[in-house]
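In the order they appear, the protein sequences are chains A and B. When you read off a place in the first sequence, starting at 1, and then add 783, the result is the number in the working numbering. The numbers in the working numbering rise by one with no breaks, and the one at position 18 of the second sequence is 10. The C-beta atom is built at its ideal place from N, Cα and C for all residues, glycine as well. All remarks here apply to the structure that follows.
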Amino acid sequence: DVKVTQSSRYLVKRTGEKVFLECVQDMDHENMFWYRQDPGLGLRLIYFSYDVKMKEKGDIPEGYSVSREKKERFSLILESASTNQTSMYLCASSLTESSYNSPLHFGNGTRLTVT
Amino acid sequence: EDQVTQSPEALRLQEGESSSLNCSYTVSGLRGLFWYRQDPGKGPEFLFTLYSAGEEKEKERLKATLTKKESFLHITAPKPEDSATYLCAVQAGYNTDKLIFGTGTRLQVFP
């Protein structure tokens, strides 16, 4: 089974802090994704990556950046955390470039609170 | 604008009481529709992919169907362990791999 591991289940940070969310997958998947999940808004794509050192903006990239130095690891960075970034963050991976025939495998999420 | 709408927002069922969840979509060029299950405190877990109108997929008590405008997730004789939030997502267009997610249906099944 594919395992996507997010390093923290819960995080509490202060406004203005730089925050790192880490994600590791163990199935040699090409693609990795970061979503945030908020009540009433569903899952929204922040950034994704098709390969090492490649990144693409999703629908809501403002205030975030990402890093993919190794195939199995995809990091989400909040450059200067703000209260409106309080959310559940979900990392996902998929095997091929097209999710058309390759469903997403999700981690269990990191619930971030910014105070 | 591409859009995915799920209804109802929440559904309470008695054990054994069959029902259906709806996912309606307005997208240009549907490439695939996905159903996921999400338990509290966990990430979504993949259930089904449907590619074309008329297609059906089954897994235990769940059956997913697809038309040109909507998908249904039918739950037959549900059990308490079927309680979860069910998410629908679509992949639209031929120049993107991004998914558009609905906001989910929260299902509670009582014994």
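Scanning the segment 15 to 41 of chain B from its first residue to its last, the whole beta strand (DSSP E) runs of 3-plus residues come out as 22 to 30. If you draw a 10 Å sphere on the C-beta of residue 837 (chain A), you find fewer than 16 other C-beta atoms in it, and that means exposed. Residue 90 (chain B) belongs to the set of residues whose beta carbon lies under 8 Å from a beta carbon in chain A. In this structure, the CA atom of residue 898 (chain A) is about 8 Å from the CA atom of residue 869 (chain A). By the CB criterion at 8 Å, residue 826 (chain A) and residue 873 (chain A) fall inside the cutoff.
Within the segment 24 to 36 of chain B, 24, 26, 28, 30, 33, 34, 35, 36 place their CB atoms closer than 9 Å to a CB of chain A, listed in sequence order. DSSP places residue 73 (chain B) within a helical segment (H, G or I) once states are collapsed to three. Chain order gives the chain B residues near residue 873 (chain A) as 35, 36, where near means a beta carbon separation below 8 Å. Shown here, residue 59 (chain B) sits in coil according to DSSP, grouped into three states, outside any helix or strand.
In this chain, the beta strand (DSSP E) harbouring residue 808 (chain A) covers 806 to 808. Fewer than three pairs of CB atoms, one per stretch, sit closer than 8 Å, so the segment 850 to 869 of chain A makes no contact with the segment 49 to 58 of chain B.
Beyond the five residues adjoining it in sequence on each side, residue 813 (chain A) comes within less than 7 Å, by CB distance, of 833, 834, 878, 879, 880 in the same chain, given in chain order. Assignment of residue 814 (chain A) by DSSP, reduced to helix, strand and coil, places it in the strand class. Residues of the same chain with a CB within less than 6 Å of the CB of residue 856 (chain A), apart from the 5 flanking positions on each side, are 807 in chain order.
Per DSSP, the beta bridge partners of residue 64 (chain B) are B:14, B:57. For residue 810 (chain A) and residue 789 (chain A), the gap between their C-alpha atoms comes out near 15 Å. The distance from the Cβ of residue 42 (chain B) to that of residue 101 (chain B) is about 24 Å, inconsistent with a contact at the 8 Å cut-off. The criterion of a C-beta distance shorter than 8 Å is satisfied by residue -6 (chain B) and residue 84 (chain B). The beta carbon of residue 41 (chain B) sits closer than 8 Å to some beta carbon of chain A.
CA-to-CA, the gap between residue 19 (chain B) and residue 10 (chain B) works out to about 29 Å. Where residue 856 (chain A) is concerned, the enclosing beta strand (DSSP E) starts and stops at 856 to 861. Residue 866 (chain A) carries a helical assignment under DSSP once its states are collapsed to helix, strand and coil.
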